[in-house]
Amino acid sequence: MTIQQLSAPGLLPDQSSEFVNNLPSRYRLALFWQVAFLASTILGIVVLTALLFNIVNGAFGLAAVEVKVNPDSLAKEGVPIEDQSKEQLIQLLQETLKPAVYQRLDTEKPFDKRSRSEVYALVIDRVVEPKVMQTWPLFDSLVHRDEVLAEIAAKYPEAEVRFLSWINFKFLTTPQSSQAERAGVRTAILGSLWIISITIVVAFPVGVCAAIYLEEYARDNWINRLIRTNINNLAGVPSIIYGMLGLAIFVRALEPLTSGAAFGLVEDPTMANGRTILSAGLTLALLILPVIIINGQEAIRAVPTSLREAGLALGATRWQTVWAHVLPNALPGILTGTILAISRAIGETAPLVVVGASTFVIRDPSGPFSKFTALPIQIYQWTSRPQAEFRDIAAAAIIVLLALLLVLNVTAILLRNRYSRRL
Amino acid sequence: MQSKERMVGGSPEAIDLRRKVHIGEALIQGFLFVCGVISILTTLGIVFELGRESLGFFTRQVWENTDKTLATAVDPDSTELSLSRGGTGIQAGDLIRIENEIMRVETATGEVAIVVRGQQGTEAVAHPANTTLFRGRRVSLLEFFTGSKWNPQIGHFGILPLVTATLITSVIGMAVALPLGLSVGIYLSEYASDRARKILKPILEILAGIPTVVYGYFALTFITPLLRGVFGQNTVQIYNMASAGLAIGILILPLVSSMSEGALSAVPRSLREAAYAMGATRLEVAVKVVVPAALSGIEAAFILAMSRAVGETMVVAIAAGQGPNFTLNPFRSAETMTGHMVRISGGDLSYDSIDYNSIFAIGLLLFLITLSLNIISQRIVRRFREVYE
Amino acid sequence: MLSLKPIAHPGSRVREVAEVGASPHDRYVIEARGLNVYYGSFRAVKDVNLKIERNKVTAIIGPSGCGKSTMLRAFNRMNELVPTARTEGEVLFHGQNIYAPDVDPVQVRRRIGMVFQKPNPFPKSIYENVAWGARINGYQGDMDELVERSLRQAALWDEVKDKLKESGYSLSGGQQQRLCIARAIAVKPDIVLMDEPASALDPIATLKIEDLMRQLAENYTIIVVTHNMQQAARVSDYTAFFNMDEDRAGYLVEYGPTAEVFTNPRDKRTEDYITGRFG
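In order, the protein sequences belong to chains P, Y and C. Number 1616 in our numbering belongs to position 243 of the first sequence; there are no gaps in the numbering. Number 171 in our numbering belongs to position 186 of the second sequence; there are no gaps in the numbering. Number 213 in our numbering belongs to position 54 of the third sequence; there are no gaps in the numbering.
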């Protein structure tokens, strides 16, 4: 059906002169807007692509790397360091490092307990000390490779050209550092996992119970209406406000509990500090509670009334019916909603900053009363630094975060499919 | 068999229908109720803490440097101060502070002031000449809402710079998200084939699921260089509100499009068919029939988006700049309410400082703004529901 | 022998069922007195007085929306699950008013079971479907035996005995409904309420359910709501005809032995309905 066909005289006989045949112009307008609507949608996809491209662009690329000590000069009796024994390498470390540094490394983990490859990594890291002078984003590295190489040759004649992936095994397993090359996200990942575990342990049962109450027990009276309206309003409160609540209640008012001092877990009570994993986890729990409740309510509402009636007609009590029939059938929906809420919590940054994420943590969190950092905090701090290398590792950390979210969402889908098959 | 079943059926005497005390059931129900009430406690906690700390902000004694000094030294028991010329005038009734001692001014004439010593539990001690006088005052609501400088540390309490920056970033975000989001919503609801919808909706969900800190990174490392490339390095500062606003727009786009799509597809089929049967084109059906019918749902989406934009934190904290700046130029750097709260609380914040109180005052204002927006949005949605049920 | 005592609603012609002189508690198992059910301000059932005889099948018939199902659900307090519902009047079960404040609806439903319009087995195994109600009500006996006996009574045993572990949803619609009946009788109720139990089924499955009702009447009192008059005529001993007034409130028009209600209706409205002039 084209404009020409429809407007062709004869096909649409002009029966009355009261109507002007305006179809061609109407169709032109329609086509214009259809294109505009489609273009908007495509623009949305383009932006998403740009966002992902921009991240990958930062996390990989060519780099000019200069070394402080040429590894060839470290060869002993013609044996290059790659082939030297563990003992030789330890000796090398002892000779070149400052005694204090050597001592500290030995206390962290005694040298005779380290494997040869660990010692070798230390030699590269501490003695050879490769330093990234400048990096180029992935796009330039691939498309304008020759120009980049020429630039490196001109600016850093000593440097070695490497294709660098900021995201690698070392990045995942080393703690934070003040140098981008040595920094990793180990503490941040562990911190995020700790915080989220606390969030789940608190928010999931409370949220599900509240949803059960509202859907299965609550009568239509003022207090229940108040709870319902209130939950909807809470879902729209900016996350930073939850951060302030966490700061005032968990960090400050409940400091003895959240710092662990009340349990005798802090050596010096005057140094007790409520800015702990526990406070962060509880704050995020309050933040996602409304989301879990609303999703839970929807899942419970989706369970057919006939099942409840069948249970009750057999002389079962409310709770027996809920426990045996309503909950098992609502569970896939509840779990999916919870996982989505948790994905939101994992990416939350502002409340954690307000609650008091530490700016520099290199020790793994040891429990709920440890100081904390988290992946999004790390991303925020690295992005805020002016140096390009830190932007690059921020991109790498974003990839880790997005991968974590992806894993969670896939889990949600699998869980949902598995449970719905059972029905 | 039959008689046995009759027995099971029960004789009248055996039947006891009376309510038994189900302690377990009652406990469970009580526990579930408590879980439901936690949400109310959360709200109360927010209102109470924000209110209390804000009250601390507005009742706090702040000390303002008067640029006046003592002309001569004073003894602990002298009530007459001779003051240097210049600086801000001192009036009867003012509280003044010299070193750690607080005094109340009885009368003040030019360079001489009669004071009551040792106020508010401070001790009257001797002060040497040339010591600076500080005048005590409170933050007034008028100053809070109309002052154009924000720096609580040195006695500037005007929230306007933070509010204008919030407004500018939000308005830019809305300018991006509303037309685009509505267009995407109309496309998904009225034009897209089932297959296209199946591909497009997950993409929007992915966009909606990306943490905001990632959008901050995107604004700083992609949008800002783009803007500086287009408008020139000198026009656009490295940290600027425009880039943050655009990123906020992208961030709330999925919210607007999915909510409007929901409202549009809830419009009954019959309405569309009626319009088609009168010879309307698809655009006319979409824009002149379906959109007006779904208008309240779309309005609700817009207002909710506005609330999200105002409360958005990480994007502005990363990309909009640090430090309050009273400007309307979107290419300059300025700090929003949320951005300021994050920066202040990110440092080592001591609990009784003016900074600590001030971010709660900002927080209270932010909470009230977003709460009113959310309530308006819910009202509109409720009205919208009544139309089709 | 046959004494007529018209009760209550003006215009309703309730034939008092023949008294044989026995105590009413033995002969009648449940009785509604001045029963009114409201949904909010809407009155769904108006001033109903009805006595149900033990071990008989009583059918409730009437046009759509006349409150038949509401009436049925008033017998075991299922109406309470609708938040706005409110009941006035009495329902005497073995002489006790089940709406008395100290009566526990859970106890009532344990004694007065229900089978619903659409088969609604639990999404569990066939065995679990039957055993669950007995278990939560503290059944101490041999569960396997109870499951088998209930399924046999519901005429389902032979069809499912080899797949007790399979989901209740693996059965056909008619089998699912018989499973629901087995589930209801496994807790050994006095009365089984059936709300159009065959309306979602094909004719053959319907026939099986009807046969089953007749068999069950040997051990249980059955009250069945149906919109199918042939069904009422085939399976029931007594029939109650409901109609609705100008406010759409349902009231009892005529009640008596099925044969009489169908062959010799006393009320014009009953006759019109039965002969298909309205409804």
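For each residue, glycine too, the CB sits at the ideal point set by N, CA and C.
- Message: Quick check: the Cα distance between Gly121 (chain Y) and Gly36 (chain Y), rounded to an integer number of angstroms?
- Response: 23 Å
- Compile a chain-ordered list of the residues in the stretch 374 to 399 of chain C whose CB is closer than 9 Å to at least one CB of chain Y. Glu377, Asn378, Tyr379 and Thr380
- CA-to-CA distance, Glu49 (chain Y) to Asp79 (chain Y), given in whole angstroms: 12 Å
- Task: Determine the DSSP secondary structure at Val1496 (chain P), reduced to helix, strand or coil.
- Result: helix
- Query: Is the stretch 382 to 394 of chain C close to the stretch 343 to 363 of chain C, with three or more CB pairs under 8 Å?
  - Reply: yes
- Message: Can you tell me whether Val1574 (chain P) is buried or exposed? The criterion is at least 16 other CB atoms within 10 Å of its CB, across all chains shown.
- Response: exposed
- Item | DSSP three-state assignment for Val1438 (chain P), whether helix, strand or coil | strand
- Task: Quick one: grab the DSSP three-state call for Val1393 (chain P).
- Result: coil
- Query: Over what stretch of residues does the alpha helix (DSSP H) that includes Tyr200 (chain Y) continue unbroken?
  - Reply: Thr197 to Phe203
- Query: How should Ser178 (chain Y) be labelled, buried or exposed, when 16 other C-beta atoms within 10 angstroms of its C-beta is the threshold for buried?
  - Reply: exposed
- Query: Would you say Leu17 (chain Y) reaches chain C, if we count a Cβ-Cβ gap shorter than 8 Å as a contact?
  - Reply: no
- C-beta contact flag for Arg254 (chain Y) and Val270 (chain Y) at 8 Å: no
- Residue from C:Gly292, C:Val351 and C:Pro264 with nearest C-alpha to Pro280 (chain C): C:Gly292
- Collapsed DSSP secondary structure at Pro416 (chain C) in the structure displayed: strand
- Task: In the DSSP assignment, find the alpha helix (DSSP H) that holds Pro263 (chain Y) and state where it starts and stops.
- Result: The residue asked about is misnamed: residue 263 (chain Y) is Met in this sequence, not Pro. Careful: Met263 (chain Y) lies outside any alpha helix (DSSP H) and carries neither H nor E.
- Task: In angstroms with no decimal places, state the Cα-to-Cα distance between Gly331 (chain Y) and His325 (chain Y).
- Result: 10 Å
- Query: In three-state DSSP terms, what is Asp1485 (chain P)?
  - Reply: helix
- Kindly give me the distance between the Cβ atoms of Ile288 (chain Y) and Ile233 (chain Y), rounded to whole angstroms, as I take these residues to be in contact under 8 Å. Not quite, the Cβ-Cβ distance comes to about 15 Å (not below 8 Å), so this is no contact.
- Task: Using a threshold of 8 Å, state whether the C-beta atoms of Ile1569 (chain P) and Ala1718 (chain P) are closer than that.
- Result: yes
- Message: Within 8 Å, do at least three Cβ pairs link the stretch 1459 to 1473 of chain P to the stretch 1486 to 1501 of chain P?
- Response: yes
- Message: Between which residues of its own chain and Ser292 (chain Y) is the CB-CB distance below 6 Å, once the five residues before and five after are set aside?
- Response: Thr355, Leu358 and Asn359
- Task: Could you tell me if Asn1668 (chain P) is buried or exposed, where buried requires 16 or more neighbouring beta carbons within 10 angstroms of its beta carbon?
- Result: buried
- With burial defined as no fewer than 16 other Cβ atoms inside 10 Å of the residue's Cβ, what is the status of Lys453 (chain C): buried or exposed? In the structure displayed, chain C extends from 160 to 438; residue 453 (chain C) sits before or after that span and is not available.
- Query: Which stretch, first to last residue, makes up the alpha helix (DSSP H) that contains Thr1546 (chain P)?
  - Reply: Phe1542 to Thr1546
- Item | Inter-residue Cα distance where the pair is Arg407 (chain C) and Tyr198 (chain C) | 12 Å
- Chain-ordered neighbours of Ser1550 (chain P) on chain C, where CB pairs are closer than 8 Å: Simply none; closest approach about 54 Å.
- Message: Between the stretch 1537 to 1551 of chain P and the stretch 1559 to 1568 of chain P, can you find at least three pairs of beta-carbon atoms closer than 8 Å?
- Response: yes
- Taking the C-alpha atoms as reference points, what is the distance between Ala114 (chain Y) and Asp1479 (chain P)? 60 Å
- Message: On a Cα-Cα basis, can you pick out the residue from Y:Glu10, Y:Thr44, Y:Tyr202 and Y:Ile144 that is closest to Val300 (chain Y)?
- Response: Y:Tyr202
- Any beta-carbon of chain P closer than 8 Å to the one on Tyr172 (chain Y)? yes
- For Asn238 (chain C), the three-state DSSP class (helix, strand or coil): helix
- Task: Would you be able to state if there are at least three C-beta pairs under 8 Å between the stretch 1697 to 1710 of chain P and the stretch 167 to 178 of chain Y?
- Result: no
- Distance, Cα to Cα, Glu1682 (chain P) vs Ala1675 (chain P)? 14 Å
- Item | Neighbour flag for Gln266 (chain C) against chain Y, beta carbons, 8 Å | yes
- Would you call the CB atoms of Ala279 (chain Y) and Ala305 (chain Y) closer than 8 Å? no
- Message: Between P:Leu1511, P:Pro1472, P:Ala1532 and P:Leu1638, which has its C-alpha nearest Ala1432 (chain P)'s C-alpha?
- Response: P:Leu1511
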